[in-house]
Amino acid sequence: MKFAHKIYLAIALALAVGGLFFRADHMTGHLLADHASTLNTLGEMQRLEGALDRQLMQAAFQLYHEYDSMHRLLAGIRAHAEGLQGSPSLQQKAFAGVRQLLDRYQAQIDEKEQRILEFATLNSVIKNSTTHIPALSHRYLSGFDTIDQAYLAEVARVTSVVFIAARSFDDDFLRELSASIERLRGFSFDESQARAREFNAMFLAHAGVFVRYLPRYKAVSEQIRAIASGATLDLAKTRFLAASERTAARIQRIGWGLAAAFVFSIGLIIFFLVFMERQHKELAALHRSFQRAATQDRLTGLYTRFAFERAQQVEIPQQALFLINLDNFIRINDFYGHAAGDGLLRHCAAALRTRFGRESDLELFRLGGDEFGILCRGLRGDRYAVVKDQVVGFAAGLRFSFRDHAIPVETSIAISTEPPLLEKAGLALRQIEHTRTRLVEYRREAGMEAQVEQNLRMLNLLHGAIRDDRVLPYFQPILNNHTGRIEKYECLVRVHDEDGNLLPPGWFLAVAKQARLYGELTCIMLRKCFERFRHTHLEFHINISVEDIQDPKVTAVLHQLLQAEPQTGERLTLEILESEEVANYEAVHGFICGVKRYGCKLALDDFGAGYSNLAQVLRLDVDNIKLDASLVRDIVQNPDLEFLMRSLLEMFRAVNIQAVTAEFVHSAEVLEKVKTLGVDYAQGYYIGKPKPDLVDRPFQGQEAV
Numbered sequence: 050m051k052f053a054h055k056i057y058l059a060i061a062l063a064l065a066v067g068g069l070f071f072r073a074d075h076m077t078g079h080l081l082a083d084h085a086s087t088l089n090t091l092g093e094m095q096r097l098e099g100a101l102d103r104q105l106m107q108a109a110f111q112l113y114h115e116y117d118s119m120h121r122l123l124a125g126i127r128a129h130a131e132g133l134q135g136s137p138s139l140q141q142k143a144f145a146g147v148r149q150l151l152d153r154y155q156a157q158i159d160e161k162e163q164r165i166l167e168f169a170t171l172n173s174v175i176k177n178s179t180t181h182i183p184a185l186s187h188r189y190l191s192g193f194d195t196i197d198q199a200y201l202a203e204v205a206r207v208t209s210v211v212f213i214a215a216r217s218f219d220d221d222f223l224r225e226l227s228a229s230i231e232r233l234r235g236f237s238f239d240e241s242q243a244r245a246r247e248f249n250a251m252f253l254a255h256a257g258v259f260v261r262y263l264p265r266y267k268a269v270s271e272q273i274r275a276i277a278s279g280a281t282l283d284l285a286k287t288r289f290l291a292a293s294e295r296t297a298a299r300i301q302r303i304g305w306g307l308a309a310a311f312v313f314s315i316g317l318i319i320f321f322l323v324f325m326e327r328q329h330k331e332l333a334a335l336h337r338s339f340q341r342a343a344t345q346d347r348l349t350g351l352y353t354r355f356a357f358e359r360a361q362q363v364e365i366p367q368q369a370l371f372l373i374n375l376d377n378f379i380r381i382n383d384f385y386g387h388a389a390g391d392g393l394l395r396h397c398a399a400a401l402r403t404r405f406g407r408e409s410d411l412e413l414f415r416l417g418g419d420e421f422g423i424l425c426r427g428l429r430g431d432r433y434a435v436v437k438d439q440v441v442g443f444a445a446g447l448r449f450s451f452r453d454h455a456i457p458v459e460t461s462i463a464i465s466t467e468p469p470l471l472e473k474a475g476l477a478l479r480q481i482e483h484t485r486t487r488l489v490e491y492r493r494e495a496g497m498e499a500q501v502e503q504n505l506r507m508l509n510l511l512h513g514a515i516r517d518d519r520v521l522p523y524f525q526p527i528l529n530n531h532t533g534r535i536e537k538y539e540c541l542v543r544v545h546d547e548d549g550n551l552l553p554p555g556w557f558l559a560v561a562k563q564a565r566l567y568g569e570l571t572c573i574m575l576r577k578c579f580e581r582f583r584h585t586h587l588e589f590h591i592n593i594s595v596e597d598i599q600d601p602k603v604t605a606v607l608h609q610l611l612q613a614e615p616q617t618g619e620r621l622t623l624e625i626l627e628s629e630e631v632a633n634y635e636a637v638h639g640f641i642c643g644v645k646r647y648g649c650k651l652a653l654d655d656f657g658a659g660y661s662n663l664a665q666v667l668r669l670d671v672d673n674i675k676l677d678a679s680l681v682r683d684i685v686q687n688p689d690l691e692f693l694m695r696s697l698l699e700m701f702r703a704v705n706i707q708a709v710t711a712e713f714v715h716s717a718e719v720l721e722k723v724k725t726l727g728v729d730y731a732q733g734y735y736i737g738k739p740k741p742d743l744v745d746r747p748f749q750g751q752e753a754v
C-alpha cells in the first residue's frame, strides 16, 4: 500500500472511530433515558397495583365501596403496560425475558379484571340484601300488632348474623345463619296471618342471598388475591434492572474499545506524519527509478516505446521514423538460446549508437522485442534521403557473432513520415510480409489503412454471422467413377452478409484464422452437417485443419457428435490439408486414432500442393487421397502429368490407400482421363458446383465452367 494511502486510511479510521464513538454516546444517552422511563413506568405500575390490592382488601370487608376507583386503577395499569410494548429498549434481544414477564403480567391483569367484575357484582347483590334485612326487621316491629317473641328472636338473630357475616368470611357464621333460616322456615301462619306469611317469605329471600352468594364471594376474593400479578411485575422490574446493567456494561466496554481505537488511529497518524519525509524521499527516488525504467530500455539502454509516444505528444513538423525489424530474431533466440538473442539486441543497439548517436537530429529507440527505431526530426533539404541511405547501409552491413559463430542477421526497414509515425510504419512493415523487398515506405495511396479497415469490417461481419446464424454449409457433389452415381458431398463453409449476399471462403477464412474464429466456424459446420446428413445414406466430407485438431473445443464437439450419432459418424470423412505443416505428428496421429474408433475416415486434401511425400501419407494413416488441382487441371494436355498420376496411383495402391479423388475436374475430357487412369472419385465444377441442397442421383454430365 502506498504511503499516502496509509495516511488516508489512518485519518479515515480516526474519523470513523470518532463518529462511532459519538454515535455510541448519543445512542447511550437515548438508551439510558429510555431505561429510566421504563423503570419509572414499572414503578408507577407497582404503585397502581398496590393501590388496587388495598382497595380490593377494603371492598372485601366493606360492602359500601366505590368501584369506579378500581376501574381507574386498572385502566392506568393497562395504559402503562401498552406503553411499554413500544419501548425501544424492550425490543432488544437482551430484554426478551422481560417482555415475556410483561406478557404474563398483562394476562394476569386481564384475569384479575374479570374476577373484580364478578366480585363487584356479588358485592352489589350482598349489599342490597344487607340493607333490606334491617329495614324488614324494623317493619316487623312497627307493622304488626301481635308479635311472636320466638319468631322475633329468630329474626333478630338472623339480622345480627347477617351484619357479622357481611364483614367476615367465617364459615361458622354462615352455618349459624343457615340454621336460623331453617328455623324461620319452620314457622307456620294461618289465613289470618297473611301479612306475616308474606313478610317471612321476603325476609327468607334476602337472608338466603347470604347463604347462596357469600361462599362464592369469599372464593372470588381468594382467587383475586391468588393472582400473583404484583409478584410478576416485581420480577419483571428486577430482570429489567439486571438486563439494563448488563447492557450498560457492554456499552461501556464498546465505548472503551472505541476510545482505544480512536487513540490508536491518532497515534498512527502521528507515526505516519513523523516518517512522512523519509517515505516521501524514498518514493521520489523510486519514481525516478520507474521513470528511467519506463523511458530507457534496461537491456539496450535505448529509449523505450513509452518515451517515443511521450515525445510524439509535442508536434514537430517534418519528422521521419525509420523502423528496423530483425526478421530472424525468433529463430536465433530459439536455436542459439536467450543469451544469443540478448547479445544480438545489445550489439544492434551499440551499432546504432556508434553510427547515429552523434547526430543531433536523430533519436534512437527500442520500440518492440526485435524492433528498433530511428526518429529524424526537422527534415530539411535532402536530409531525408541522406538518412535513408545511411539506415539502408547500416542494415545491410549489420553483422553478429556468438561464441565465435558468425550468425547472419536479416532485417526489414519500414519508413513513415505521416503521423502517427509508429502506427504508419507498422502498417508498412506488415506489407513487407507480402513482398520480396526489405524496404517499404508508407504511402497512403498504397491502401495499407484500407486493408486494415477491410479486415475490421470482415471481422465484424463474421461476429455478426456467428451471432445471427448466417454461417451455412454448401455441398459440392463427389462422383463415384465406378458406379456413375453422386454418393458423396464435400461440405464447404459459406457466410451470408447482412444483405443476404453469399461470401466465398477466400474472403473471410484468413481473417477468421487471425481472429481465432476458425475453430468456431468448424464447430458450426460439424453440428449443421451432422444434422443435414442424419437422415440420409450419403457420405460427407468436412475440412479440418491442424489448428482445429489442436483446439480442445473443436475436438470436444466432434467427439460429442460421434458418440451421440455413431451411424452418421460412420459416413463422415475428415479432410486434412496436405499443404499444412504438421509440427506435432503425435498429437495429430492421436486425434486420427480417436476418431477412427467411431468408424470415421481420414482424407489427405490437396495432395501435390505441399511437400507431397509418401512418408507423411503413411505417418498420418489416411484412408483417402484427394489430388490437388495442379495435378488434374491440365492432365489432358500434359503427358508428364498423366505419367505422374499413374505413378502416384500405383504408389497409393501399394500402401493400401482405399480411395483416390481427383479435384478440379472441369470438363468431360478430364473426367474421362481420370476414369481411364483408375481414379476412384471425381470432384469439380463439371460434376457440380457447391449448392445448399443435396441430390442423390446418377451423374448425367454437366456443362463445363
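Sequence positions in the sequence shown follow the working numbering and run 50 to 754.
Each residue gets a CB set at the ideal place from its N, CA and C atoms; glycine is no exception.
Keep in mind that this is a model prediction, so the values were computed, not measured.
Where residue i sits in the DSSP three-state scheme
{"i": "residue 660", "result": "Reliability of the predicted coordinates at residue 660 is poor, the pLDDT of 47 falling under 50, and no value is obtained from them."}
{"i": "residue 226", "result": "helix"}
{"i": "residue 526", "result": "strand"}
{"i": "residue 352", "result": "strand"}
{"i": "residue 752", "result": "Model confidence at residue 752 stands at a pLDDT of 42, short of 50, so the residue's coordinates are unreliable; what they give is reported in the following sentence. Three-state result, residue 752: coil."}
{"i": "residue 512", "result": "helix"}
{"i": "residue 683", "result": "coil"}
{"i": "residue 709", "result": "strand"}
{"i": "residue 652", "result": "strand"}
{"i": "residue 800", "result": "Residue 800 is absent from the structure shown; the chain starts at 50 and stops at 754."}
{"i": "residue 564", "result": "coil"}
{"i": "residue 118", "result": "helix"}
{"i": "residue 183", "result": "helix"}
{"i": "residue 459", "result": "coil"}
Bridge partners - residue i, DSSP secondary structure assignment
{"i": "residue 590", "result": "539 and 622"}
{"i": "residue 464", "result": "371 and 490"}
{"i": "residue 152", "result": "Note: residue 152 sits in no beta bridge, so no partner."}
{"i": "residue 425", "result": "369 and 411"}
{"i": "residue 534", "result": "529 and 747"}
{"i": "residue 420", "result": "374"}
{"i": "residue 730", "result": "529 and 710"}
{"i": "residue 544", "result": "520 and 552"}
{"i": "residue 756", "result": "Because the chain is modelled from 50 through 754, residue 756 falls outside the range shown and cannot be assessed."}
Residue range of the alpha helix (DSSP H) that includes residue i
{"i": "residue 264", "result": "243 to 275"}
{"i": "residue 638", "result": "634 to 645"}
{"i": "residue 601", "result": "601 to 613"}
Residue i versus the options, residue with shortest Cα-Cα distance
{"i": "residue 286", "options": "639, 86, 330 and 597", "result": "86"}
{"i": "residue 705", "options": "672, 419 and 429", "result": "672"}
{"i": "residue 202", "options": "619, 182 and 229", "result": "229"}
{"i": "residue 611", "options": "744, 128, 407 and 648", "result": "648"}
{"i": "residue 346", "options": "510, 561, 398 and 315", "result": "398"}
{"i": "residue 474", "options": "613, 207, 422 and 551", "result": "422"}
{"i": "residue 580", "options": "225, 450 and 613", "result": "613"}
{"i": "residue 535", "options": "513, 411 and 743", "result": "743"}
{"i": "residue 696", "options": "687, 726 and 340", "result": "726"}
{"i": "residue 670", "options": "688, 634, 552 and 678", "result": "634"}
{"i": "residue 168", "options": "99, 105, 278 and 126", "result": "105"}
{"i": "residue 133", "options": "91, 68 and 556", "result": "91"}
{"i": "residue 225", "options": "204, 239, 243 and 245", "result": "204"}
{"i": "residue 279", "options": "249, 300, 156 and 259", "result": "156"}
First and last residue of the uninterrupted beta strand (DSSP E) at residue i
{"i": "residue 449", "result": "449 to 451"}
{"i": "residue 674", "result": "673 to 676"}
{"i": "residue 454", "result": "454 to 456"}
Segment contact flag, the segment 646 to 657 with the segment 561 to 580, C-beta cutoff 8 Å, min 3 pairs: They do not touch, by the three-pair rule.
Three-pair Cβ contact test at 8 Å for the segment 731 to 739 versus the segment 712 to 719: Yes, the segment 731 to 739 is in contact with the segment 712 to 719.
Cβ contact (3+ pairs, closer than 8 Å) linking the segment 258 to 265 and the segment 78 to 97: Short answer: they don't touch.
At least 3 beta-carbon pairs within less than 8 Å: the segment 441 to 456 vs the segment 336 to 354: No, they do not touch.
Validate contact between the segment 276 to 296 and the segment 132 to 149 using beta carbons, cut 8 Å, 3 pairs: By the Cβ criterion, the segment 276 to 296 is in contact with the segment 132 to 149, since at least three pairs of Cβ atoms, one from each stretch, lie closer than 8 Å.
The segment 508 to 524 / the segment 718 to 725 touching (three or more Cβ pairs under 8 Å): Result no; under three Cβ-Cβ pairs closer than 8 Å.
Three-pair Cβ contact test at 8 Å for the segment 173 to 183 versus the segment 249 to 263: They touch, by the three-pair rule.
Cβ pair count under 8 Å reaching 3, the segment 307 to 315 against the segment 356 to 365: Segments in contact, no.
Stretch-stretch touch, CB-based, cutoff 8 Å, three pairs: the segment 379 to 395 with the segment 440 to 454: Put simply, the segment 379 to 395 touches the segment 440 to 454. At least three CB pairs are less than 8 Å apart.
Cβ pair count under 8 Å reaching 3, the segment 429 to 449 against the segment 400 to 413: Using a C-beta cut-off of 8 Å, the segment 429 to 449 makes contact with the segment 400 to 413, since at least three inter-stretch Cβ pairs fall below that distance.
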